[in-house]
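Note that the working numbering has the sequence shown beginning at 7, numbered continuously upward. Reading through the structure tokens given below for one structure.
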Amino acid sequence: MSAPVQQYYDRKGVVRLAHERGLNHITENSVNAAAYHGDRPLKRTKIHGRIYYTLKDIEAWLAGEAL
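Pasting the structure below:
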């Protein structure tokens, strides 16, 4: 049995996904701030020395941003 496949996005991918959902105020800087500052609502994953974000974590963060 194989592990479930997850989709990962970099900062540009997160911004593109947010803009597709009509959240045009999301920038690479706001993605960075959500991942590194304050209560860190956006969980980051490090793969081969690079930072990525899972679709599940992005959707949870964007749901809070849409309010």
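Yeah, the Cβ is synthetic: ideal placement off N, Cα and C, and Gly gets one too.
Asked: Do you know offhand how far leucine 48's Cα is from valine 37's?; Found: 8 Å
Asked: Please state the DSSP three-state secondary structure of arginine 17.; Found: helix
Asked: How is the alpha helix (DSSP H) around isoleucine 64 delimited, first residue to last?; Found: 61-71
Asked: Using the three-state DSSP reduction, which class does arginine 27 fall into: helix, strand or coil?; Found: coil
Asked: Are tyrosine 58 and aspartate 16 touching if we call contact CB-CB under 8 Å?; Found: yes
Asked: In terms of DSSP beta bridges, what is tyrosine 58 paired with?; Found: Thr51
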